[in-house]
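Engineer: In the working numbering, the protein residues as written are 390 to 638.
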Amino acid sequence: MTAPPPDDCLARNDWICGDYLSTRRQILLDAVAQHLQLTVVSVALGLVLAVPLALLARRRRWTAGPVLGITTVLYTIPSLAMFSLLLPVYGLSATLVVVGLALYSLTLLVRNILAGLDGVPAEAREAARGMGYGPMRQLLTVELPLAVPAAMAGLRIATVSAVALTTVGAIVGYGGLGNLIYAGMNSFFKAQVLTASVLCVLIAVVLDLLLLGAERLLTPWRRASRRGRVRTRATAGGARPAAAVGRRT
């Protein structure tokens, strides 16, 4: 006669287990906090490096090829190889993971910032020069604001990618939720693997929505333009039936 299955979902090693959430709450919170810290700091560092690189590539066009080429090559390096190359410099530390993720984010950030700057209408630049704006004032008040949509698109992709790549930091002990995923896979702890994986997805979604909201706040003119187009369509839609009635009469 076989023994009945245990009532404890932890003992049964279920994929979905409420007891795991209640008994490991602090462990999960610490892992989420480390994951967020590694992700935000690495993307912020990547942004600090990407802006001057994009400005250099735009101002001195001969540097665009080397800058884009180098950042693309960095992106193609496997994460394990990247961490191995940085290991002699930073050792087994959180800085190793942050620098590696920042380097990965460069190709997305530099390309999108440069694309945004190149997409600024020539009329806007000419109007700024006609108003007496110097190069720096024109850059800060005209070009960079108009480049925000393209730059934010790159930032959103880089952030979501960093959330996923942070888990690889588990190989050096600084992977946030990746530490739990790695340990759970080694012990075949189903609830831990699933819970940590779902939390990674939730972090990526929340950060993406926050950046989307920030983009909307930084580009109020796009909302105004969208509302204007909606009013124009509504007015045109209301005029067409009246015209049709006039023709029928």
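We treat Cβ as the ideally placed atom computed from N, Cα and C, and that holds for glycine.
It should be emphasised that the depicted structure is a prediction, and the values quoted were computed from it without experimental measurement.
(1) Using the C-alpha atoms, what's the distance from Pro-441 back to Thr-460?
(2) Can you give me the start and stop residues for the alpha helix (DSSP H) that Thr-548 sits inside?
(3) What residue from Ser-586, Gly-523, Gln-527 and Asp-408 has the CA that sits closest to Val-552's CA?
(4) Given a threshold of 16 other Cβ atoms within 10 Å of its Cβ, counted over all protein chains shown, does Leu-599 qualify as buried or as exposed?
(5) Asn-575 lies in the alpha helix (DSSP H); which residues open and close that run?
(6) Which same chain residues end up closer than 7 Å to Leu-475 when comparing Cβ atoms and leaving out the 5 residues on each side of it in sequence?
(7) Determine the direct distance from the alpha carbon of Gly-523 to that of Asp-597, and round the result to whole angstroms.
(8) Going by alpha carbons, who is nearest to Leu-436 out of Gln-581, Phe-577, Pro-609 and Val-537?
(9) Reducing DSSP to helix, strand and coil, say where Thr-530 ends up.
(10) Under 8 Å, do Ile-570 and Val-557 count as touching if we go by C-beta distance?
(11) Secondary structure at Asp-403, three-state DSSP: helix, strand or coil?
(12) Measuring only the C-alpha atoms, how far is Cys-406 from Met-525?
(13) Taking 8 Å as the cut-off, does the segment 512-519 touch the segment 491-500 (at least 3 CB pairs, one atom from each stretch)?
(14) Helix, strand or coil for Asp-507 per DSSP?
(15) What three-state label does DSSP hand Met-520 in the structure shown?
(16) With DSSP run on the structure shown, which of helix, strand or coil describes Pro-477?
(17) From Trp-451 to Ala-540, what distance separates their C-alpha atoms?
(18) Buried or exposed: where does Leu-529 fall if 16 or more other Cβ atoms within 10 Å of its Cβ makes it buried?
(19) Output the distance between the C-alpha atoms of Leu-469 and Gly-519, rounded to the nearest integer angstrom.
(20) Looking at C-alpha atoms only, which residue of Gly-521, Ala-511 and His-424 is the closest neighbour of Glu-532?
(21) Determine whether the beta carbon atoms of Arg-535 and Ala-443 lie at a separation below 8 Å.
(22) Put Gly-454 into one of helix, strand or coil per three-state DSSP.
(23) May I ask which residues mark the beginning and end of the alpha helix (DSSP H) holding Ile-592?
(24) So, Val-509 versus Val-456, is the Cβ gap smaller than 8 Å?
(25) For Met-471, count neighbouring C-beta atoms within 10 Å of its own C-beta (all shown protein chains included) and say buried if the count is 16 or more, exposed if not.
(26) Are the beta-carbon atoms belonging to Leu-601 and His-424 less than 8 Å from one another?
Structural biologist: Once the coordinates are examined:
(1) Cα-Cα distance, rounded: 13 Å.
(2) Per DSSP, Thr-548 belongs to the alpha helix (DSSP H) from 537-555.
(3) Nearest of Ser-586, Gly-523, Gln-527 and Asp-408 to Val-552, Cα basis: Ser-586.
(4) That one is exposed.
(5) Its alpha helix (DSSP H) spans residues 566-576.
(6) Result list for Leu-475: Leu-485, Val-488 and Gly-489, in chain order.
(7) Cα to Cα, Asp-597 sits roughly 35 Å from Gly-523.
(8) Among Gln-581, Phe-577, Pro-609 and Val-537, the Cα nearest to that of Leu-436 belongs to Val-537.
(9) Three-state DSSP puts Thr-530 in a helix.
(10) Not in contact: Ile-570 and Val-557 (Cβ atoms no closer than 8 Å).
(11) Note: Asp-403 maps to coil in three-state DSSP.
(12) Roughly 57 Å separates the two Cα atoms.
(13) When C-beta atoms of the segment 491-500 are compared with those of the segment 512-519, fewer than three pairs fall below 8 Å, so the two segments do not count as touching.
(14) It is helical.
(15) Met-520 sits in coil when the DSSP states are folded into three classes, being neither helix nor strand.
(16) Pro-477: helix per DSSP, three-state reduction.
(17) Rounded to the nearest angstrom, the gap between the Cα atoms of Trp-451 and Ala-540 is 22 Å.
(18) Counting Cβ neighbours within 10 Å, Leu-529 comes out exposed, since fewer than 16 surround it.
(19) Distance between the alpha carbons of Leu-469 and Gly-519 is about 52 Å.
(20) Selected option, being the one with the closest Cα: Ala-511.
(21) Note on identity: in this sequence residue 535 is Leu, with Arg being the wrong assignment. No. Outside cutoff.
(22) Residue state, collapsed to three classes: helix.
(23) It spans 579-607 - the alpha helix (DSSP H) in which Ile-592 sits, taken as one unbroken run.
(24) Not a contact, by the Cβ cut-off of 8 Å.
(25) That one is buried.
(26) Not closer than 8 Å, so no.
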